[in-house]
Structures are given as C-alpha cells and as structure tokens.
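To start, the structure under review is shown below, and the notes come after it.
Below, the structure is given as structure tokens:
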C-alpha cells in the first residue's frame, strides 16, 4: 500500500510519498480472526451462480460482514461495540479506557460499520482517548485545504485528494481525512446506458444519494473482488463522488467544482487501478461491435485519465470467452492508449479526446484538465459551454503544452485568442503537424493583463512562395522562403509544408523555437507593423497566424527584433505579438555558414536581430546579434481581422 506523510495538506506532500505509515505507538495485541465473506452470506446467492471468480468469496483478517456493518450501535450497546472492536482488531481494551470514545457513536446510533471505519486506523494507539481529538484535527485540516485551493474560478493546485473513499474492510464510504496517509486504489468503468442501470440506495454511503449501478451488478460483490485483488481502500465514482438526487442534493454543485476536475488525482497516484471494461461489476465479455458502441470504455471521455500501464482487468471469468479477433483489438487499443499516456503530449491527448463521447460535451474538456499538468485547474461548471471551458483550460495549461498548440496547430485560431485553436477547430481537425518530439519552450501568460508571451527566434520579413494551393497529395508540398542576410543579400531556402492549409504567396514574419542550441520548428504569419516614427493607431498590433511549414535550419541563434520609440518605450507589437502563425519544420539544412578568423564556423546574421530573453547563460555570436537582451515575444490576446497582403 502506498502511504503518505501526516503533513498531507502541504502542497508538496505528494513529492514526499513514504513507503511506510507514520509511526504509531502500538500495544500488544492478539492476532485478529480471519473472516470469510461469501456471495451467499453477503447477497444470498450461491457461489456457482456468480461468473466472476474473484466475486465469489474472500477470507482475510480485519474485514467485517455486511450484516455486522449494518448493525446499529444502539442495538449492541457500548459493551457490545467494544467487544466487537476488540475481537476484530485483536485488542483487549476495557470499558473505562474507551467509554468516552464510544459513547457518542452509540448515543447517535451510528451503525457498527461507520464506527469501525472511523476508529480502526487509531485503535492500536496507546492513548485511545485522544482519537476524537485527532479526528477533529484532521477534519479541520481537510476543510481548510479544500477552502484554500479554491480561488474564484480556479483550483490553485493539482494536489487535491478525493473528498471520500470506500473503506472495503468496513464496507463504508468515509471522508478521506479519516485515513489521510494512504492513497486509495482506483476503480475505472464506463457507465452503461441509462436503460441498463438502476438507481439504488445503499447503507455503504449512508443513503446520502442514489447509487447508479448496472442492472445485475452488486456493490457487495465488487467489494469481494477488490479485497481479493488486495485493496483496503478504493475510490469509486458512484459511491465517492456525490451523485444527482438525495437529501443533500444542494451540496452537489459546490462539491463538483472541486471534486470533478481533481478525479485524476486518484488514477495518477493509485497503487493499482481495476478496470471494468464491460460495465461496473459485470463479467468481462466483449463482442465485435463493442468497440463501436458509445458506451465502450475506450470511447468515453472520462476514462482517458484513468489509463495506467498495469491496470488490473476486473470481471474476469476465467473461461476466456472473448473471441480471438476481439482480444487482438482489445490488446491493441490498450497498448495504443498506454503509449499516449506514457508521454501525455497535448496534441495527442487532444486528438484522442475528440474521438470520445460524453453525456455532457463539457466533460470532453474537463476530462483533459488533470492530464495537462497545469499548475492550476479551472473549476467544473456544468452550465459552461465546452468552447468556453476550453478557453479557460488553455489559460491555465502548462506553458509547454501551450507552445505545442502554437507550433503544431496548422491554422489561424478562431477562438478568444488567435494563436491557439478553438475547441470547434480541435473537434474537426484531422491531425496536427507531425510531432517532432522536441521541447519547444513555453508560451507563458501574465494573468493580470491576460497577455501571452513566448521567447524565441524572430525574423522580421521573409517571402514565402509555393503553398497557395495547399497540400493536395500525400507527398508534402515544397516551396521557397526568401530573406536577406546580414549583408543585405537575398537568401533562398527550400521548405516543405506538412499539412493541408493553404499559405498565400506573401511576405511574413517568422517566430522560431530555440532550446539547447537547436531549432527545427517555426511559426510564420502576417505582422501588422507600426513603424516607430509614425503615430501608434493600435497598440495591440499583432502577427496574424497562418499555419505550418517544414524548414531547414543549421546552427541558429536565439533571436528577436525590437523597436524603441522616441520616449524609450519598446513597441511590443514589433517585438512580436503572435496570434495565428504558421509553423515551419526541418532540421540542420538552412542557414548559410561562413568561415571566420578565430572560429571554425559561425552563423551569418539576419537583418536587425538581437539576442532576446536568453536562456543559455552565454553571450551570442557578435556577428549575428547585439548583446543586449530585448523583451520577450508577446502573443496577442484577441483575434483581429486578417490583414490584406499590402499591410504586411
């Protein structure tokens, strides 16, 4: 079992995951008895009628039967509750030492399962009289943590454990703070069609809300299967995430703001995840048409974040009833998804999500939030459109993922900011520009001003020709880029477009990626230039994006051009506002090199270039750029009208 330190509400607590529980002073105790849970005692059904082998019976210590869990403490009395606890946990406490602890539970007539779930973790401490104080302290820490991470419409950290978990030993849903040192197992499943499920009531969650379950599935059988796999605590959405209806329905929307976006925490950190591919608790039996169904586990939006490398397959019957071809597709799908999750590249995750379905289209966006490793996450607002949710998600997305969208999306954005795609564009896009598997740096954001900026190469003007018709064949379209070098002489490069979006023959500005002295990704687009000696009509001038091209580059240097106004202020637009741009690709074929006395090979500089936002800690080649850094490249926040060619 993976456990975590007591200081679990520190924002960095997950980086300190321990291998043992926090030290507890333990008393001498007897070995607890082994208890058998069977389908007959738990559900009244004969074992032979249960097709899932691990759902038939379980034998182990410290587990209690459902009938004992459901027994009211008032029926047992304080003596009876103490006797059961001593028996199940192998202790020998006397009534006078624990009376103050047990009295409130008996007085409020909790069932024994609830008492067992709350007290089991601390029952072996020498000073059991402090249990209630410890529980109240943990509860307050939990409330403080959940209040603190919500700031307006943002969750300020990804490190948020679930609000509840299912204690399989006690068969009760308990608040996470009851045992905050452990990380529960995950249960992954695709909800079956509404006609195939029923809303039932269950003492397991204290009857707080109806539990939607597939017909013929049974929580007690799922419990037995999870215990056989080795779990003590687990997280299951229908039990641990407040569902529609019930006596506390008014709490659901507020809980969902935090709880839904952070579901991914469980699957990110769980020791094990058990996947029911056929439906929660159902036997594994897939047919050829399964993969085309909207209820297929591989096609649901929320299951994308639940994929792990070594998931346990739930519902196995042991008779291998799956057809050979179905098994082949099943294995191929799992392998493909695990490869996607291995790297979690934004473009691959987005393209995978667009092929998935959900009851609420918003969930396709919300299901990406935890996967994108953002420092903060938008809250879940069920009334928000998927388009608006996507815009909010891109604002909080990790800077590296935002750079991927800038460089690999081949069209002008049609959303709130034109350097990035709208959700509608993502949903109809056939593919991004082929991934180069290199770090592209980051598109950063200044939240106070809603400005996005990127540090990289900048070439003020280059003529691009040969792509006006777009890609019409499988073979990439070839064209040319012409610019002037540092000597004012024209220089022509062969470039290749790896996408279908047409690029008019025109002059463009170029923004290039730079990291670790290499660059093979470029974005080009129209620059709306306002010369420094003319009055500024529009301070939010921009580069107008087009799309992507493959381009060769050798020994590039980290470049950027900026103009200084008479009052000394830098004209940010000429430094580079970057909306809709065109990415250029290629590697080590482009820049003319010359021999220079005292140096083997240097890069010939391009016109009016400066070293900007340097990250390598070294001065650039003096032949190529000035030594003073310029401001970072800024990405425009709005989507301006496309300029005509004579405004470039």
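Numbering (the numbering used here), first residue to last: 84 to 731. We treat Cβ as the ideally placed atom computed from N, Cα and C, and that holds for glycine.
Locate the beta strand (DSSP E) running through residue i, then write down its first and last residues.
i	result
residue 312	Here residue 312 belongs to no beta strand (DSSP E); instead the alpha helix (DSSP H) covers 302 to 312.
residue 258	255 to 258
residue 269	268 to 272
residue 356	356 to 359
Quick check on residue i: buried or exposed, where buried means 16 or more other Cβ atoms within 10 Å of its Cβ?
i	result
residue 244	buried
residue 214	buried
residue 500	buried
residue 492	buried
residue 137	buried
residue 284	exposed
residue 158	exposed
residue 426	exposed
residue 686	Confidence at residue 686 is low in this model, with a pLDDT of 29, below 50, so the placement of that residue should be treated as unreliable; the coordinate-derived value is given next. The residue in question, residue 686, is buried, as its Cβ has 16 or more Cβ neighbours within 10 Å.
residue 446	buried
residue 361	buried
residue 366	buried
residue 170	exposed
residue 265	buried
residue 572	exposed
residue 396	exposed
residue 419	exposed
residue 178	exposed
residue 545	buried
residue 327	exposed
residue 292	buried
residue 526	buried
For residue i, I'd like the list of residues in its chain whose CB is within less than 6 Å of its CB, leaving aside the five on either flank, ordered along the chain.
i	result
residue 114	173
residue 196	152, 253, 254, 255
residue 480	455, 457
residue 575	563, 565
residue 118	146
residue 141	120, 307, 310, 311
residue 394	356, 358
residue 335	325
residue 510	437
residue 487	429, 430
Once you ignore the five residues that flank residue i on each side, which residues in its own chain have a CB closer than 7 Å to its CB?
i	result
residue 221	260, 263
residue 276	378
residue 290	284
residue 288	256, 294, 322
residue 200	250, 253, 255, 257, 261
residue 185	161, 164, 165
residue 478	528
Leaving out five residues on either side along the sequence, give the residues of the same chain with a beta carbon under 8 Å from the beta carbon of residue i.
i	result
residue 132	122
residue 432	387, 423, 451, 454, 455
residue 304	122, 125, 126, 133, 135, 138, 364
residue 128	122
residue 148	118, 120, 124, 125
The alpha helix (DSSP H) with residue i in it runs from where to where?
i	result
residue 223	214 to 231
residue 477	469 to 479
residue 180	178 to 190
residue 404	Note, residue 404: premise wrong, no alpha helix (DSSP H); not H, not E.
residue 350	347 to 352
residue 430	429 to 436
residue 482	482 to 491
residue 734	Because residue 734 is not part of the residues shown, which for the chain are 84 to 731, the question remains open.
residue 339	335 to 342
Based on the DSSP output, what are the partners of residue i in its beta bridges?
i	result
residue 577	563
residue 527	536
residue 119	142
residue 296	281
residue 248	257
residue 155	194
residue 595	540, 605
residue 317	249, 268
residue 395	357
residue 590	546
residue 460	238
residue 777	Residue 777 lies beyond the range of the chain shown here (84 to 731); nothing can be said about it.
Three or more C-beta pairs under 8 Å: does that hold for the segment 443 to 457 against the segment 339 to 351? Short answer: they touch.
Between the segment 355 to 365 and the segment 305 to 325, do three or more beta carbon pairs fall short of 8 Å? Judged by Cβ distances under 8 Å, the segment 355 to 365 makes contact with the segment 305 to 325, as three or more pairs qualify.
Are the segment 463 to 472 and the segment 401 to 418 touching, with three or more C-beta to C-beta distances below 8 Å? Between the segment 463 to 472 and the segment 401 to 418 there are fewer than three C-beta pairs closer than 8 Å, too few to call the two in contact.
Between the segment 384 to 391 and the segment 291 to 311, do at least 3 Cβ pairs fall closer than 8 Å? The segment 291 to 311 and the segment 384 to 391 do not touch, with fewer than three beta-carbon pairs separated by less than 8 Å.
Quick check: the segment 228 to 236 against the segment 186 to 203, are at least 3 beta-carbon pairs closer than 8 Å? Not touching, per the Cβ criterion.
Using a Cβ distance threshold of 8 Å, determine whether the segment 363 to 382 contacts the segment 434 to 442, with at least three qualifying pairs required. Three or more Cβ pairs drawn from the segment 363 to 382 and the segment 434 to 442 lie within less than 8 Å of each other, which places the two stretches in contact.
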